[in-house]
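Novice:
2 protein chains.
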Amino acid sequence: MSDSREDSFLPVQRIGLALNKARHLLTADTDTALAGSGISSTHVGALLLLSLGFARTSAGLSRLLGVDPGFVTRLVDRLEEQNLVRRDRDRPDRRVVNLTLTEAGRHAAARAQEVAPAVLNERLASFTPVEFTTLCRLLHKLLDE
Amino acid sequence: MSDSREDSFLPVQRIGLALNKARHLLTADTDTALAGSGISSTHVGALLLLSLGFARTSAGLSRLLGVDPGFVTRLVDRLEEQNLVRRDRDRPDRRVVNLTLTEAGRHAAARAQEVAPAVLNERLASFTPVEFTTLCRLLHKLLDE
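Going down the list, the protein sequences come from chains A and B.
Its first residue numbered 4, the first sequence is counted upward by one per residue in the working numbering.
Its first residue numbered 4, the second sequence is counted upward by one per residue in the working numbering.
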């Protein structure tokens, strides 16, 4: 890659490609680490958010994962088929469908909770504490959070 | 989300979720901006890398996008079906298949080159130049580049 060609990338495109690549590599690392467990990187975010109580509904997952409701519906369908998640009508408000992890789902979430930080820690091993905190802050700023 | 529950997330999990969410949101923003153009966020990285001459083969795309060769094969299949990319055997080394943008592909790449930076610039509007450079540096450090 010559310097002159590298210059033809706008700085903002570099950030876009780097974000993309980071996501792809972390997904691949996570899938490798989860091989044989029956769950994949696609499930990790939802399982963690449900097991830690951050999200209890598909709408909550959609908001916290930043994905559209249709994607979450398909994701929850798959988790339900794998008997990891149960959909229950809420008692006080029957329009709301609560998501509950099954026993198998809780085991899968525990596995995800071991694997996901380990994968990231490996990629972040050379970060100083300040760099770590700065990356976290800038990502949240990007997300306007 | 209570503070105590928020604390149950490891710092490294926050970075993982933030990266995930950033990717999902930028994908959604890009798809919205590309609506009706016949291409989607999935195509943008490959079209940009091919049009700027950073990648000329599937192996190059795989390396620069950080995705596995199987994913790239399916992506190039789709781009070929849409008549955006042509696969040509290399003259000196016939084992190598070069990827060339068609005229429609060059138009699509030009559109992607307008849309992708605009989408990112909107998300990064409140960043100072130092924050911008720092995010770029830390993402490349994460990628070990």
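The beta carbon of each residue, even a glycine, is placed where N, CA and C say it ideally should be.
Note that the structure is predicted; figures quoted are calculated from it, not measured.
Is M4 of chain B close to chain A? Criterion is C-beta to C-beta, closer than 8 Å.
Specialist: Locating residue 4 of chain B in the second sequence gives position 1, counting from the first residue. For M4 of chain B, the predicted model reports a pLDDT of 42, less than 50, meaning its position is unreliable; a value from the coordinates is still stated below. So yes, M4 of chain B belongs to the interface.
Novice: Looking at chain A, is there any beta carbon in it that lies within less than 8 Å of the beta carbon of V133 of chain B?
Specialist: As a working note, residue 133 of chain B is residue 130 in the second sequence. Proximity of V133 of chain B to chain A, defined by a Cβ-Cβ separation below 8 Å, is not satisfied.
Novice: Which bits of chain B does T137 of chain A rub up against, with CB to CB less than 7 Å?
Specialist: Locating residue 137 of chain A in the first sequence gives position 134, counting from the first residue. Near T137 of chain A (Cβ distances below 7 Å), the residues of chain B are T137, L141.
Novice: Does the beta carbon of S129 of chain A sit closer than 8 Å to a beta carbon anywhere in chain B?
Specialist: Sequence index remark: in the first sequence, residue 129 of chain A carries index 126 (1-based). Output row for S129 of chain A: interface = yes.
Novice: Which residues in the same chain as E9 of chain B place their Cβ atom closer than 8 Å to its Cβ, once the five residues preceding and following it in sequence are excluded?
Specialist: Counting from 1 along the second sequence, the entry for residue 9 of chain B is found at position 6. With a pLDDT of only 47 at E9 of chain B, under 50, the local geometry of the prediction cannot be trusted, and the value read off the model is given with reservation. For E9 of chain B, where only same-chain residues beyond five positions count, there are no Cβ hits under 8 Å.
Novice: Let's test the definition: count the other Cβ atoms within 10 Å of the Cβ of T136 of chain A and tell me whether it reaches 16, buried, or not, exposed.
Specialist: Indexing the first sequence from 1 puts residue 136 of chain A at position 133. So T136 of chain A ends up on the exposed side.
Novice: In the DSSP output, what is V88 of chain B paired with across the bridge?
Specialist: As a first step, residue 88 of chain B is located in the second sequence; it is residue number 85 there, counting from the start. Partner(s): B:L104.
Novice: Is L50 of chain B close to chain A? Criterion is C-beta to C-beta, closer than 8 Å.
Specialist: Walking along the second sequence from the start, residue 50 of chain B turns up at place 47. Closer than 8 Å: no.
Novice: Considering only the alpha carbon of each residue, which of A:L67, A:R89, A:A119 lies closest to A36 of chain A?
Specialist: Your numbering for residue 36 of chain A matches position 33 in the first sequence. The residue with the shortest Cα to Cα distance from A36 of chain A is A:A119.
Novice: Between G69 of chain B and L28 of chain A, is the Cβ-Cβ spacing less than 8 Å?
Specialist: Taking the first residue of the second sequence as position 1, residue 69 of chain B is located at position 66. Taking the first residue of the first sequence as position 1, residue 28 of chain A is located at position 25. In contact: G69 of chain B and L28 of chain A (Cβ atoms closer than 8 Å).
Novice: In this structure, how does DSSP classify G39 of chain B when only helix, strand and coil are distinguished?
Specialist: The residue you call residue 39 of chain B lines up with position 36 of the second sequence. Coil at G39 of chain B, not helix or strand.
Novice: Going by C-alpha distance, which of B:A62, B:A38, B:Q16, B:S44 is nearest R3 of chain B?
Specialist: Lying before the first or after the last residue shown, residue 3 of chain B is absent from chain B, which here runs from 4 to 148.
Novice: First and last residue of the alpha helix (DSSP H) that includes S129 of chain A?
Specialist: For the purposes of this step, residue 129 of chain A is taken as the residue at position 126 of the first sequence. Run containing S129 of chain A: none; DSSP gives neither H nor E here.
Novice: Specify whether the stretch 43-61 of chain A and the stretch 109-123 of chain A touch according to this definition: at least 3 beta carbon pairs, one from each stretch, less than 8 Å apart.
Specialist: yes
Novice: Just how far apart, CA to CA, sit L141 of chain B and E106 of chain A?
Specialist: Residue mapping note: residue 141 of chain B aligns to position 138 of the second sequence, counting from 1. Residue mapping note: residue 106 of chain A aligns to position 103 of the first sequence, counting from 1. Roughly 39 Å separates the two Cα atoms.
Novice: Report the neighbours of P120 of chain B on chain A: residues whose CB is nearer than 8 Å to its CB, in chain order.
Specialist: Position 117 of the second sequence, counted from the first residue, corresponds to residue 120 of chain B. What P120 of chain B touches in chain A: L13, V15, Q16, G19.
Novice: When the cut-off is 8 Å and only beta carbons count, does R126 of chain A lie next to chain B?
Specialist: Indexing the first sequence from 1 puts residue 126 of chain A at position 123. Cβ-Cβ to chain B under 8 Å: yes for R126 of chain A.
Novice: Can you list, in chain order, the residues of its chain with a C-beta nearer than 8 Å to that of H46 of chain B? Leave out the 5 residues immediately preceding and following it.
Specialist: Locating residue 46 of chain B in the second sequence gives position 43, where the first residue counts as 1. Same-chain partners within the cutoff: L78, R81, L82, L87, A111, A115.
Novice: Put F57 of chain A into one of helix, strand or coil per three-state DSSP.
Specialist: Position 54 of the first sequence, counted from the start, is the residue given in the question as residue 57 of chain A. Reduced to three states, the DSSP call for F57 of chain A is coil.
Novice: Quick check on V75 of chain B: buried or exposed, where buried means 16 or more other Cβ atoms within 10 Å of its Cβ?
Specialist: The residue given as residue 75 of chain B occupies position 72 in the second sequence. Of the other Cβ atoms in all chains shown, 16 or more fall within 10 Å of the Cβ of V75 of chain B; this residue is therefore buried.
Novice: Between G3 of chain B and L20 of chain A, is the Cβ-Cβ spacing less than 8 Å?
Specialist: Residue 3 of chain B is absent from the structure shown; chain B starts at 4 and stops at 148.
Novice: With DSSP collapsed to three states, give me the class of R77 of chain B.
Specialist: Start at 1 with the first residue of the second sequence, and residue 77 of chain B comes out as number 74. Note: R77 of chain B maps to helix in three-state DSSP.
Novice: What would DSSP say about D147 of chain A, mapped onto helix, strand or coil?
Specialist: In the first sequence, counting from the first residue as 1, residue 147 of chain A sits at position 144. DSSP places D147 of chain A in coil when its eight states are reduced to three.
Novice: So V99 of chain B and T60 of chain B are in contact, right, with Cβ under 8 Å, and what is the actual spacing, rounded?
Specialist: The residue given as residue 99 of chain B occupies position 96 in the second sequence. The residue given as residue 60 of chain B occupies position 57 in the second sequence. Yes, V99 of chain B and T60 of chain B are in contact; Cβ-Cβ is about 6 Å, under 8 Å.
Novice: Compare the Cα-Cα distances from G108 of chain A to each of A:Q85, A:N124, A:E125 and report the closest residue.
Specialist: Along the first sequence, one-based indexing puts residue 108 of chain A at 105. Measuring from the Cα of G108 of chain A, the nearest candidate turns out to be A:Q85.
Novice: Out of A:D93, A:R89, A:L22, which one is the CA nearest neighbour of I18 of chain B?
Specialist: For this step, residue 18 of chain B is matched to residue 15 along the second sequence. Distance from the Cα of I18 of chain B is smallest, within the candidate group A:D93, A:R89, A:L22, for A:L22.
Novice: When Cβ atoms are compared, which residues of the stretch 20-32 of chain B fall closer than 8 Å to chain A?
Specialist: L20, A21, L22, N23, K24, A25, R26, H27, L28, L29, A31
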